[in-house]
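Note sheet for the following structure.
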Amino acid sequence: MSSKSNFIPHISLVAAIMMMATSSHAASYDITPNQDARLQKAIPRTYAKLQKRAPVHTVCIGDSVMNMYGYGADAGNVLKSWSGVFLQELADQFIYTGGVRLVKPAKGQPEKMQLINGPEITMQNFSRGGKHALHALQPLTSVAFENQPDLVIVSYGINDANALADLANYRRNIQEIVDVVHAQGADLILCGPSLTLSEQPEKAMALTKPYADVMSEVAEANGVFFADLGDVAWLVKLDERNRQSKILKKVEAPSGALDPKVPDIAPAAQKVIQNPVAKDNDPDPDKKAVKMFQQVVETLKLNYDHGSTIDWTHPNTLAQRALGRRVFAELLNGPKMAPWKISQASVQLENANQCVLTYSIENTSAEDQIITLLPLITNDWMPQDAPTRLDIKAGKKNDVKITYKVSHEAGAADSALAGVFSVHDSTLRLPVMTMSNEIARIEVVRSVITPVAVVWDTSTKFNQAGVAELEGRILNNSAQTVSGKWEATWLGQILKGEFKLEPHGKSPFKVNLKMPEADTTAPRQKGLLNFNVTADNKMLRFDHEVEIVRNLSLKEAIPLLAIESYVRDQVPKPPLPNPTIPGVAFKADADADSLYLTWDIFGHNLQDNPDGAGAMIAEVSLDARSYGKRLNAGSTDPIRVTVGAADGDAKLSSLTPWCFGNGYGMFYDVKMVKAKLSSRPDGSRRLTLTLPRSYLYLHEWSLQNGNSQLGFNTSLQVWQTSVNNTGHYATFVLTNNGRHRDDAESLAVLELANKTTGRWTVRLY
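Residue 463 in the working numbering sits at position 408 of the sequence shown, with consecutive numbering throughout.
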């Protein structure tokens, strides 16, 4: 076919679209007064441009779900991710005939879904797989605002939840996102994480819900539009066949029919579940509840079927489309309403291993409701006893009481904390699957903790000398006066105190930990901080882990620890590796031009990984913000060096613009970073890495000044071959704690002076 014959239909199509935009403008663009008010409030800057069909630029920042992680032809095509679908819905609503155009698409990915001219909504995607909420500030403080976006869309929580990230830190990260975006004058949309599933759905479906709940609180407090991608109500519709005849008519609609009051969000993703009548199923309420839950789960599982692959984390293309459409529907019309409301929630801590949740659920509809409850399993709590069926008259309330016991997995991924529940907030968030005749939703019941709660300041304390003060508050959330005492123990230190709290009062406390003498003990120690509170004749535990790391100086050789030997409550001083003591010794040095890092490897015969991943992998995390900013929250990205077994140059991965901390935004040439492996006369091997001082341009770089510091951590992985030709990497670390590797508060301190000040970094988590 000639180029001319190709060209004519394209022009005809554009003309037809433009005619439609002109002739049917009112029908396509019809916005109700309520929708107008919602858009004015949620996205004022963007809405003003949409009304004029002026260019709109958006930035999307999230994890692999927003990055359209998948397995088929659509994998990596962020235009088909939920955020891309949402923006296309905006483009359709406001007749942007050019649709959505992706700025700088990944290699092999399209710039647009259709090559049609006209007004466009542009989209820049900074999402990266495996990232946490703390990573959002990396592009937001460097490159995200280079093109002055009108709208920023952010979604995190799956990886935070998988890592059991502290909800208080997650809240702080989300608030920082809000503050940065608002300071730039852009609109912001926050979206809670989508659900995860597994072979134990009653636990997997609960995993992300507390994080979504925290994000919704931050959004509400700041007037930011929020949509929960994990809201089951948008993905599953319930209908009961034995209801009134007028309702039966709705049930007789074709499978996949949607609620006519909300826009179509993809029929395949909102299948109608017709619950069996009594003659079809055992009328026992517990069994019926389990059956309903199984039906919901089986319907949701369809969203994670990628054809040849089942992935319980990443929604497939149809589900992504449904999620994008539902965010748009909620932006226009508000959240899907359930016929109930939850209030007056509280948790009574009975002892260190049991609690009781009580709350009220009100029937807010004009009809009597049968409400089915199924409390889900959290990492900390296992439900033991709960009502399954509530018959609630229209406008009336019922009280709910659910008993939980501490899960054997509670506390951390560390067996030493198993069975210990660490309260990080004065509020407990317990997910309960709640189902009526027509809607299912995982309600996160926000419950104040009684008789007392303990809230710690979990920010890292740098440069502690002599004594480190850990601070917290004991809260009385009840209407009665509470008095009691507390006792804290950590690595042999014992501290005690007393309190008396008026109703809803709080009592600050300090736990003063003595720091070791710098040269007489291990430079890194971590131990369980037992914090027991006795109140109302009950002994309650609010335990955490505390790590202390001595500041490192220039020219100081320090042993890296085998990760399996760096365990809690053991503080022997490790020997420095040498030709007779196998291990890895690390040293840093600096001059006016460069930072020099050296790893000496003793007693290891380097071998190449047969998969080509390298004989060694070194990672360096470097927070090179200025001193004042480095003492605040932030994040870094690791410098990754891959080393072969033979002497010679090592391979560096690309450096992200923000790898040296928030605020950096430089595009680095890795050729300027030198890495080399060499052999030494004593038989050891030496890896050296040289970083140009010019790359750390935000740092004051005052040599021989103990207050001129870098946040620092490093790890080295050494390939080990087993006798059966399999292998693994032995990992050696400077520090390893409960915070994410890229969290600036997880790092040790490197002082740019030849003699250490003997100060410590102290972190509670």
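By construction, the Cβ of each residue, glycine as well, lies at the ideal position given by its N, Cα and C atoms.
Report task. Check each candidate in His-112, Gln-230, His-190 and name the one with the smallest Cα separation from Asp-215. Result -> Per the Cα distances, His-190.
Report task. Please confirm whether any heavy atom of the ligand FAD lies closer than 8 Å to the CB of Asp-655. Result -> The ligand content of the structure shown is nil, which means the ligand FAD is not present either.
Requested in this report: Apply the 10 Å Cβ neighbour rule to Thr-790 and answer buried if 16 or more other Cβ atoms are within range, or exposed otherwise.
Outcome: Under this definition Thr-790 is a buried residue.
Query raised in the report: What residue range is occupied by the uninterrupted alpha helix (DSSP H) comprising His-831?
Result: Summary: the structure shown does not reach residue 831, with the chain confined to residues 56 through 820, and so no result is reported for it.
Query - Nearest-angstrom Cβ-Cβ length linking Leu-803 and Gln-759, presumed shorter than 8 Å - result: One point to set straight first is that residue 803 is Ala, not Leu, in the sequence displayed. Here Ala-803 is actually not in contact with Gln-759; their C-beta atoms are around 20 Å apart, not less than 8 Å.
Query raised in the report: So what does DSSP say about Phe-141, is it helix, strand or coil?
Result: Residue state for Phe-141 is assigned as helix, using DSSP reduced to three classes.
**Report entry** Buried versus exposed call for Thr-786 [16 or more other C-beta atoms within 10 Å across all chains shown]
**Finding:** The residue in question, Thr-786, is buried, as its Cβ has 16 or more Cβ neighbours within 10 Å.
Query raised in the report: Which residues in the same chain as Tyr-225 place their Cβ atom closer than 7 Å to its Cβ, once the five residues preceding and following it in sequence are excluded?
Result: Ala-188, Asp-215, Tyr-266, Val-269
Query raised in the report: Sorted by chain position, which residues of the same chain lie with C-beta nearer than 7 Å to Val-788's C-beta, five sequence neighbours on each side aside?
Result: Leu-615, Leu-616, Ile-618, Tyr-621, Ser-770
Query - Start-to-end residues for the beta strand (DSSP E) that takes in Glu-553 - result: 548-556
Query - Where the alpha helix (DSSP H) containing Gln-759 begins and where it ends - result: From DSSP, Gln-759 is part of no alpha helix (DSSP H); its letter is neither H nor E.
Query raised in the report: In terms of alpha-carbon separation, which member of Glu-166, Gly-185, Asn-172, Gly-173 lies closest to Gln-179?
Result: Glu-166
Query raised in the report: In whole angstroms, what separates the C-alpha of Ser-801 from that of Val-773?
Result: So the two alpha carbons sit approximately 23 Å from each other.
Query raised in the report: Okay, do the region 600-614 and the region 579-591 touch, 3+ Cβ pairs below 8 Å being the bar?
Result: Touching, per the Cβ criterion.
Requested in this report: Give a yes or no on whether the C-beta atoms belonging to Thr-118 and Ser-210 are separated by under 9 Å.
Outcome: In the sequence as presented, Thr is not what sits at residue 118; that position holds Asp. It is a contact, given that the beta carbons lie within the stated cut-off.
Query - N- and C-terminal bounds of the alpha helix (DSSP H) containing Glu-272 - result: 264-277
**Report entry** Residues that Phe-767 bridges to, as DSSP identifies them
**Finding:** Leu-677, Ala-803
Query raised in the report: What number of angstroms, rounded off, separates the C-alpha of Val-291 from the C-alpha of Phe-348?
Result: Looking at the two C-alpha atoms, the distance is approximately 11 Å.
Query raised in the report: To the nearest angstrom, how far is it from the Cα of Gly-761 to the Cα of Glu-806?
Result: 5 Å
Query raised in the report: Tyr-719 and Ser-197: beta carbons closer than 9 Å?
Result: yes
Query raised in the report: Who does Trp-774 pair with in a DSSP beta bridge?
Result: Residue pairing from DSSP places Trp-774 in a beta bridge opposite Tyr-784.
Report task. Kindly list the residues whose CB is nearer than 6 Å to the CB of Ile-529, restricted to its own chain and excluding five residues on each side of it in sequence; keep chain order. Result -> Val-507, Val-509, Phe-554, Ser-562
Query raised in the report: Can you tell me where the beta strand (DSSP E) with Ile-874 in it begins and where it stops?
Result: The structure shown does not extend to residue 874, since the chain is modelled only from 56 to 820, so the question has no answer here.
Report task. Assign Asn-408 to one of three DSSP states: helix, strand, or coil. Result -> coil
Requested in this report: Within the region 188-226, note down every full alpha helix (DSSP H) run reaching 4 residues or more, in order along the chain.
Outcome: 192-195, 213-217
Report task. Note the first and the last residue of the continuous alpha helix (DSSP H) segment covering Arg-685. Result -> 682-685
Requested in this report: Report all residues from its chain with a CB closer than 6 Å to the CB of Lys-610; omit the five preceding and five following residues, and keep chain order.
Outcome: Asp-644, Asn-809
Query - Test item: CB-CB of Thr-513 and Arg-818 under 9 Å - result: yes
Query raised in the report: By Cβ distance, which residues of its chain are closer than 8 Å to Val-522, with the 5 residues on each side in sequence left out?
Result: Cβ contact annotation for Val-522 (same chain, cutoff 8 Å, sequence separation greater than five): Asn-567, Leu-568, Lys-569, Met-570, in chain order.
Query - CB-CB length for Ile-416 against Ile-425, believed under 8 Å - result: About 12 Å separates the two Cβ atoms, so there is no contact after all.
Query - Stretch pair the region 712-731 + the region 741-748: three plus CB contacts closer than 8 Å - result: yes
Report task. Grab the span of the beta strand (DSSP E) containing Arg-741 for me, first residue to last. Result -> 740-747
Requested in this report: Go through its chain and collect everything with a Cβ distance to Arg-108's Cβ below 6 Å, but skip five positions before and after it.
Outcome: Pro-174
Report task. Buried or exposed for Asn-592, please, with buried defined as at least 16 other CB atoms from any protein chain shown within 10 angstroms of its CB. Result -> Asn-592 counts as exposed, since fewer than 16 other C-beta atoms from the protein chains shown sit within 10 angstroms of its C-beta.
**Report entry** Candidates Ala-261, Leu-429, Thr-372, Leu-404: closest to Asp-341 by CA position
**Finding:** Leu-429
**Report entry** Cβ contact (3+ pairs, closer than 8 Å) linking the region 644-659 and the region 681-693
**Finding:** no
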